[in-house]
Amino acid sequence: MMYCRYILFALLVLFISCSSEPENDPAVDGAPPDLQNVIVIEKNSSPESTITFIRDLVIDDSDATGSWYHSTSGGFAFGGSDFFAGLEVDDTGKIYVGDNYEKVIHVFDSTGAYLRRLGGEGRGPGEFEGIFDIKIHSDQLFAFDYFQFRSTFFSLDSLDVIDVRNVYTNRAPDREELRGLPSRPVSLISDDLFIVRYKDEMKNANYGTEHYNLDQELLVRYYVVDREGKIRSEMIDELKDMENITAVVDGNHLFNLSPVPFLQQPMISISNEGTIFTANSEDPLVKLHNKNGDYIRAFYIPMEKKSIDREEIIDLIAQDDEINTNLLLHAELPEKWPALSDIVTDDENRLWVATIPKSEELIHEWWVLQDTGELIATFKWPGNRSIEKIKNDYVYARETMETTGQQRVVRYRIEME
Numbered sequence: 001m002m003y004c005r006y007i008l009f010a011l012l013v014l015f016i017s018c019s020s021e022p023e024n025d026p027a028v029d030g031a032p033p034d035l036q037n038v039i040v041i042e043k044n045s046s047p048e049s050t051i052t053f054i055r056d057l058v059i060d061d062s063d064a065t066g067s068w069y070h071s072t073s074g075g076f077a078f079g080g081s082d083f084f085a086g087l088e089v090d091d092t093g094k095i096y097v098g099d100n101y102e103k104v105i106h107v108f109d110s111t112g113a114y115l116r117r118l119g120g121e122g123r124g125p126g127e128f129e130g131i132f133d134i135k136i137h138s139d140q141l142f143a144f145d146y147f148q149f150r151s152t153f154f155s156l157d158s159l160d161v162i163d164v165r166n167v168y169t170n171r172a173p174d175r176e177e178l179r180g181l182p183s184r185p186v187s188l189i190s191d192d193l194f195i196v197r198y199k200d201e202m203k204n205a206n207y208g209t210e211h212y213n214l215d216q217e218l219l220v221r222y223y224v225v226d227r228e229g230k231i232r233s234e235m236i237d238e239l240k241d242m243e244n245i246t247a248v249v250d251g252n253h254l255f256n257l258s259p260v261p262f263l264q265q266p267m268i269s270i271s272n273e274g275t276i277f278t279a280n281s282e283d284p285l286v287k288l289h290n291k292n293g294d295y296i297r298a299f300y301i302p303m304e305k306k307s308i309d310r311e312e313i314i315d316l317i318a319q320d321d322e323i324n325t326n327l328l329l330h331a332e333l334p335e336k337w338p339a340l341s342d343i344v345t346d347d348e349n350r351l352w353v354a355t356i357p358k359s360e361e362l363i364h365e366w367w368v369l370q371d372t373g374e375l376i377a378t379f380k381w382p383g384n385r386s387i388e389k390i391k392n393d394y395v396y397a398r399e400t401m402e403t404t405g406q407q408r409v410v411r412y413r414i415e416m417e
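Numbering of the sequence shown is given in the numbering used here, commencing with residue 1 and proceeding in unit increments.
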């Protein structure tokens, strides 16, 4: 997920759209020339259906939400850390939010009332050293601890710990392309299958040495791995790693420690059915893979990307921070914003794609697609509202308040006609 606190708050404007027949064209500008089954998604000029969002619930319990974002800059540009570790909703409407700062899972009932917290920092059963992701599967809630490489399972009825299972990863030396080490993130497909990201080399910020690589394009590779650490797929996709900008100011080497919204990021989303979607944020192209990691098709959204304006970027995300401002003033910036801001799947295996269109305002235009490529709807959505979960005709968004920087969860009812 993008860091929603960095984006300009924009008024929610609902747009209308309709289904259209997908056009299949493997020779598409912006797509790899050898990529097959590319569906071009064209917006219909005469929309017939509308999508509306009705605010239904606000959760702003400061004890639960106050720890989701912390500045851990230590003198680095864009050094804040996002400790939000996923949001899940069960069939009764209870809401679960992973909190990697407190090492707990916050539990709310369907009305937003705070029920309890699960876990805590430690190495015992039900405790965590770091929560990366949470997921509901087979009437159980499980959370992945990337420091201890294990999953903890909770009963949805009693919320008690019912199992703790170790997860093993290795370099799989029989695979030539896995010469790098596994790295975060590890995404959950099911209770026994994960997507693991491998890197050839880690980021190295030792400026002036032979190992310095922040000025290079690094690649990451994704594979399906089982609990025993065995690779269960061919390479799902090879994406570009998080992009860095750098500058030397008054003898100090500056670079972005965390992702920033106008730079390339790898994206991955997994549906409840195990369908895997991958994308480079710089390209308006999303690939669909089955749960075994096999490529099926891709969706291409023709668009003109928004140009980057240095002064606008500084006003937007520098946060009145001197180090951030110096980096943005002196670094070489890309010419264009990325095409995509986010990709999310819902409980009906539909894909929701957030694009950053060319406009005078920085807003996200979302495209809702069937997994076969039919366009269901489009709408505009403010960038400070990060969509975290879509289930049972509700959108659960994480919103950042501009005045305080505090975050809250807001539930919207989806009405589509």
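Quick reminder that beta carbons are idealized off the backbone N, C-alpha and C, glycines included.
Across the set Trp337, Lys336 and Ala318, the C-alpha of Ala318 shows the shortest separation from the C-alpha of His330. Residues of the same chain with a CB within less than 6 Å of the CB of Asn206, apart from the 5 flanking positions on each side, are Tyr212 in chain order. The straight-line gap separating the alpha-carbon atoms of Pro382 and Leu219 is approximately 30 Å. His253 and Ala377 have their alpha carbons spaced roughly 45 Å apart.
Looking at the backbone, the Cα of Val225 and that of Gly251 are separated by about 44 Å. In this structure, the CA atom of Trp337 is about 25 Å from the CA atom of Gly373.
One Cα belongs to Pro334, the other to Asp215, and the distance between them is close to 13 Å.
Here Leu329 is not bridged, per DSSP, to any residue. Assignment of Asn166 by DSSP, reduced to helix, strand and coil, places it in the strand class.
Within the same chain, Cβ atoms closer than 6 Å to the Cβ of Asn204 are found at His211, Tyr212 and Asn213, the five residues on either side in sequence being excluded. Straight across, the Cα-Cα distance linking Trp366 with Gly86 is about 20 Å.
In the three-state reduction of the DSSP assignment, Ile41 falls in the coil class, being assigned neither a helical nor a strand state. Annotation: the continuous beta strand (DSSP E) that includes Arg221 extends over Leu219 to Asp226. Contact annotation: the stretch 255–274 touches the stretch 228–244, with at least three C-beta pairs closer than 8 Å. The continuous stretches of alpha helix (DSSP H) do not include Ile268, which lies in the beta strand (DSSP E) extending over residues Pro266 to Ile270. Between the alpha carbons of Thr152 and Phe132 lies a distance of about 12 Å.
Here Asn392 is exposed, its C-beta having fewer than 16 other C-beta atoms within 10 Å.
Apart from sequence neighbours up to five positions away, the residues of its chain that approach Ser269 with a beta-carbon distance below 7 Å are Phe277, Ile343, Val344 and Thr345, ordered along the chain. Comparing C-alpha distances from Leu118 to each of Thr111, Ile134 and Leu369 shows the shortest one belongs to Ile134.
Taking 3 residues as the minimum length, the beta strand (DSSP E) runs contained wholly in the stretch 285–369 are 285–289, 295–300, 340–345, 351–355 and 364–369, in order along the chain. According to DSSP, Gln406 shares a beta bridge with no other residue.
In the DSSP assignment, Lys380 falls within the beta strand (DSSP E) that extends over Leu375 to Trp381.
With respect to the 8 Å criterion, Gln370 and Arg385 are not classified as neighbours on the basis of their beta carbons. Secondary structure note for Val395: its beta strand (DSSP E) is the uninterrupted segment Tyr394 to Thr400. Cβ neighbours of Ser155 within its own chain (closer than 7 Å, five residues either side excluded): Gln140 and Ile162.
In the structure shown, the three-state DSSP call for Arg232 is coil. Excluding the 5 residues flanking it on each side, Val89 has same chain C-beta neighbours closer than 7 Å at Ile95, Lys389, Lys391 and Tyr396, in chain order. Under the three-state reduction of DSSP output, Asn384 falls in the coil class, being neither helix nor strand. Annotation for Gln140: the continuous beta strand (DSSP E) segment containing it runs Gln140 to Asp145. DSSP places Ala279 in the uninterrupted beta strand (DSSP E) bounded by Ile276 to Asn280.
Linking His106 to Leu35 through their CA atoms gives a straight-line distance of about 42 Å.
Taking all protein chains shown into account, Phe379 has 16 or more neighbouring C-beta atoms within 10 Å of its C-beta and is therefore buried. The residue from Phe84, Val58 and Gly130 with its alpha-carbon nearest to that of Ser110 is Val58. Per DSSP, the continuous beta strand (DSSP E) segment holding Val248 begins and ends at Thr246 to Val249.
Cβ-Cβ separation between Phe144 and Leu193: approximately 12 Å, too far for a contact (criterion under 8 Å). Secondary structure of Tyr212 (DSSP, three-state): coil.
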